[in-house]
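In my numbering, the protein residues as written are 1 to 239. This report refers to the structure that appears directly beneath it.
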Ligand code: ATP
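Below you can see the structure in the form of structure tokens.
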């Protein structure tokens, strides 16, 4: 397992946002956590990034206990996140935003850095066309592409994607999921958090359903997509 979460509990004051969840992210896979609004998906990702403290439980990355280490060290180890709501720097250009994603790297302006920049521009030709555009003036879809591209600039082993399809038009949603599949096929492990259960289950090797802070079902993406109860609750009766 690239990432192992064991007995994780996270609170906001007295509110138990996450209650005793355990799951793994196998290397090379797309693993997805799906669930409704408020199920605890964002809290889980923030905890894995080190932005929220755990009340109990452990997080291991490549076998090493990272439960208490700060966010920037996790980025250095190979975990980077594309946050919910994108969180781009609106006053900066596309290229400057991508450069911010690489801030922990010691090899900036090297060939490897340039290759990673090219990788992002190949995955997202729209960003290549808009290199010098101020990010805040771009469309929601372009900003989402930028947030994912920025996360990739840290050269992660594991990329955490928080609701990348949120607020996008159907055609663009399809495109974003195609790109996530491509990123994975290029060798990056993906933990994908989504409300779009149909697309996520279709793309994921492993899936977990989160309800009010607990994992209530796990299986392969295909298993859960074919399950009657999952279909009724999350897929509107069809896939
Ligand atoms: P969404 O899709 O709306 O982002 P989510 O599955 O990501 O939902 P979380 O945002 O992780 O869910 O929220 C989990 C629970 O924690 C919810 O009950 C929510 O109300 C609560 N919560 C989240 N953030 C805070 C906060 N800053 N303070 C207090 N409670 C919070």
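Ideal placement from N, C-alpha and C gives every residue a C-beta, glycine not left out.
- Taking the Cβ of residue 233 as the reference point, every heavy atom of the ligand ATP lies at 7 Å or farther away.
- Below 8 Å, too few C-beta pairs join the region 11-19 and the region 182-199 to call them touching: fewer than three.
- With a cutoff of 7 Å, residue 112 does not count as near the ligand ATP, since its C-beta is closer than that to no heavy atom of the ligand.
- Considering only 59, 97, 83, 102, the residue with the shortest C-alpha distance to residue 76 is 102.
- Here residue 53 carries a coil assignment [DSSP, helix/strand/coil].
- Under the DSSP assignment, residue 178 falls in the alpha helix (DSSP H) whose first and last residues are 170-185.
- Beta-bridge pairing by DSSP links residue 33 to 193, 208.
- The shortest C-alpha to C-alpha distance from residue 28 to any of 126, 3, 40 is the one to 3.
- For residue 202, the Cβ stays outside the 7 Å cut-off from all heavy atoms of the ligand ATP.
- Apart from sequence neighbours up to five positions away, the residues of its chain that approach residue 70 with a beta-carbon distance below 8 Å are 50, ordered along the chain.
- Beyond the five residues adjoining it in sequence on each side, residue 128 comes within less than 6 Å, by CB distance, of 121 in the same chain, given in chain order.
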